[in-house]
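Peer 1:
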Amino acid sequence: MDTAEILKKVRRIEMKTRGLSNHIFSGEYHSAFKGRGMSFSEVREYQFGDDVRSIDWNVTARFNHPFVKIFEEERELTVMLLVDVSESSVFGTVHQNKRNLTTEICAVLAFSAINNNDKVGVIFFSDGVEKYIPPKKGKSHILFIIRELLSFKPKKKGTNIRETLRFFNNAAKKRSIVFLLSDFLAGDYQDALTIASRRHDMVGIHVYDQRDKELPPVGLIQAVDAETGGRQWVDAADKRVQQYYTQQFLQHTQYCRSAFLKSGAELVSVRTDEDYVKALQTFFLNRA
Numbered sequence: 000m001d002t003a004e005i006l007k008k009v010r011r012i013e014m015k016t017r018g019l020s021n022h023i024f025s026g027e028y029h030s031a032f033k034g035r036g037m038s039f040s041e042v043r044e045y046q047f048g049d050d051v052r053s054i055d056w057n058v059t060a061r062f063n064h065p066f067v068k069i070f071e072e073e074r075e076l077t078v079m080l081l082v083d084v085s086e087s088s089v090f091g092t093v094h095q096n097k098r099n100l101t102t103e104i105c106a107v108l109a110f111s112a113i114n115n116n117d118k119v120g121v122i123f124f125s126d127g128v129e130k131y132i133p134p135k136k137g138k139s140h141i142l143f144i145i146r147e148l149l150s151f152k153p154k155k156k157g158t159n160i161r162e163t164l165r166f167f168n169n170a171a172k173k174r175s176i177v178f179l180l181s182d183f184l185a186g187d188y189q190d191a192l193t194i195a196s197r198r199h200d201m202v203g204i205h206v207y208d209q210r211d212k213e214l215p216p217v218g219l220i221q222a223v224d225a226e227t228g229g230r231q232w233v234d235a236a237d238k239r240v241q242q243y244y245t246q247q248f249l250q251h252t253q254y255c256r257s258a259f260l261k262s263g264a265e266l267v268s269v270r271t272d273e274d275y276v277k278a279l280q281t282f283f284l285n286r287a
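In terms of numbering that gives the first Met the number 0, the sequence shown has 231 at position 232, counting the first letter as 1, and numbering is strictly consecutive.
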């Protein structure tokens, strides 16, 4: 894509996802992810029904009239988006590929975060960490992230979630809200996920295509592994081939669910031809 086309796509995604963040997810996001605690805001005169434990006795003595302390939630949080940009992320067969869907979801989460005055950072990963964008605030920063999501070209094709989580665990100094977006077609990351979940609020977003799960019965085809480049002729109409293909997907999915459950992290699944808005909204409401 040239620069003009990228900017056009950025604008289109901004208009769609910002609207969703402002009108649908603003309250749900705030309720789902709490601040670090309560900080003092101001004092005001005591009103009937106020908790007597909140009375500011120094101010009360000075004015000879009861005053109470008002506290507000400390809202500044750090949101990290760990985004799978491996070769399998560009696969898609219906409305859009997994990478495009991931970009939209990231944009919604990022705009929801800055609406609540939170910082947003990104890690792009394949076989390892490809790029790290430190957390910042502001609309211009979010638009930069969206541009990178649209135009970034990874150097490697594979997927290594374990090493990505290890990098993040070493790089992150403060507790963060972490969204790990991937098709999770790779295993061996449970230990690293468990360590990350002890320090951070971890949420996995499983983005997959229907054809990741089901092989269409189209006869003899040359199957290509997007990440390894391996090629093999298979009879897609053969029931045994179809069953094996589905079984491989289910094994990865089961490992993913088990890893998130055992680590104490949460998991949301979104298919490329389904409404991700409904899935995210349900997730936010269940957390509130």
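No residue lacks a Cβ here, since even glycine has one placed at the ideal position from N, Cα and C. All of these numbers come straight from a predicted model, not from anything done at the bench.
1. Between K212 and chain D, is there a C-beta pair that is closer than 7 Å?
2. Going by the beta-carbon positions, is the gap between K212 and T245 smaller than 7 Å?
3. State the CB to CB distance for the pair R301 and A185, rounded to an integer number of angstroms; the pair is presumed to be in contact (CB under 8 Å).
4. Please name the residue in A112, D126, Q231 and G120 whose C-alpha comes closest to that of S87.
5. Using the Cβ count rule (16 or more neighbours within 10 Å means buried), how would you classify G137?
6. Do V233 and A222 come within 7 Å of each other at the CB atom, strictly closer than that value?
7. Ends of the beta strand (DSSP E) at H205?
8. Would you mind reading off the limits of the beta strand (DSSP E) that contains G77?
9. Secondary structure at R270, three-state DSSP: helix, strand or coil?
10. Hey, could you find the ends of the alpha helix (DSSP H) K118 is sitting in?
11. What residue range is occupied by the uninterrupted alpha helix (DSSP H) comprising L108?
12. Quick check on the DSSP output: the alpha helix (DSSP H) that includes F259 runs from which residue to which?
13. Give me the Cα-Cα distance between A235 and V89, rounded to the nearest whole angstrom.
14. Quick one: any contact between the region 47-66 and the region 135-154, if contact means 3 or more CB pairs under 8 Å?
15. In chain order, what residues of the same chain lie with their CB nearer than 6 Å to the CB of V217, ignoring the 5 residues before and after it?
16. Checking 7 Å against the spacing of the C-beta atoms, do F110 and R17 come in under that value?
17. Can you give me the C-alpha to C-alpha distance between E13 and E273, rounded to a whole angstrom?
18. So the beta strand (DSSP E) Q280 belongs to, where does it begin and stop?
19. With DSSP collapsed to three states, give me the class of L180.
20. Under three-state DSSP, which class holds K135?
21. Let me know if K277 comes out buried or exposed under the rule of 16 or more other beta-carbons within 10 Å of its beta-carbon.
22. When you compare each of V128, N115, N114 and I132 to V121 by their alpha carbons, which one comes out closest?
23. Assign E27 to one of two classes, buried (16 or more other C-beta atoms within 10 Å of its C-beta) or exposed (fewer than that).
24. To the nearest angstrom, report how far apart I160 and S257 are at their CA atoms.
25. CB-CB under 6 Å to T193, same chain, minus the five flanking residues each way: which ones, in chain order?
26. Return the first residue and the last residue of the alpha helix (DSSP H) that L164 is part of.
27. Can you tell which of I220, V58 and T77 has the C-alpha that lies nearest to the C-alpha of D200?
Peer 2: Straight from the coordinates:
1. Checking the listed chains, one finds no chain D in this structure; it contains a single protein chain.
2. Cβ distance < 7 Å, so K212 and T245 count as in contact.
3. Outside the shown range of the chain, which is 0 to 287, sits residue 301, and nothing can be said about it.
4. Of the candidates A112, D126, Q231 and G120, the one whose C-alpha sits nearest the C-alpha of S87 is D126.
5. Exposed.
6. Taking 7 Å as the Cβ cut-off, A222 and V233 qualify as a contacting pair.
7. For H205, the enclosing beta strand (DSSP E) stretches over residues D200 to Y207.
8. As written in the sequence, residue 77 is Thr, which differs from the Gly given in the question. Run containing T77: T77 to D83, per the beta strand (DSSP E) assignment.
9. Note: R270 maps to strand in three-state DSSP.
10. According to the DSSP assignment, K118 belongs to no alpha helix (DSSP H) but to the beta strand (DSSP E) extending over K118 to F124.
11. Element bounds for L108: K97 to N114.
12. That run of the alpha helix (DSSP H) goes K238 to S262.
13. So the two alpha carbons sit approximately 21 Å from each other.
14. No: fewer than three Cβ pairs fall under 8 Å.
15. Within the same chain, V217 has close Cβ partners A235.
16. Taking C-beta atoms as the reference points, F110 and R17 count as a pair closer than 7 Å.
17. Cα-Cα distance, rounded: 20 Å.
18. For Q280, no beta strand (DSSP E) run applies; the uninterrupted alpha helix (DSSP H) run containing it begins and ends at Y275 to R286, by DSSP.
19. Secondary structure of L180 (DSSP, three-state): strand.
20. Strand.
21. Classification of K277: exposed, given that the 10 Å Cβ count is below 16.
22. For the options V128, N115, N114 and I132, the alpha carbon positioned closest to that of V121 is the one of I132.
23. Burial call: buried.
24. A direct Cα-Cα distance of roughly 15 Å separates I160 from S257.
25. The residues are S262.
26. Annotation: the continuous alpha helix (DSSP H) that includes L164 extends over I160 to A170.
27. Checked all of I220, V58 and T77; the closest Cα to D200 is T77.
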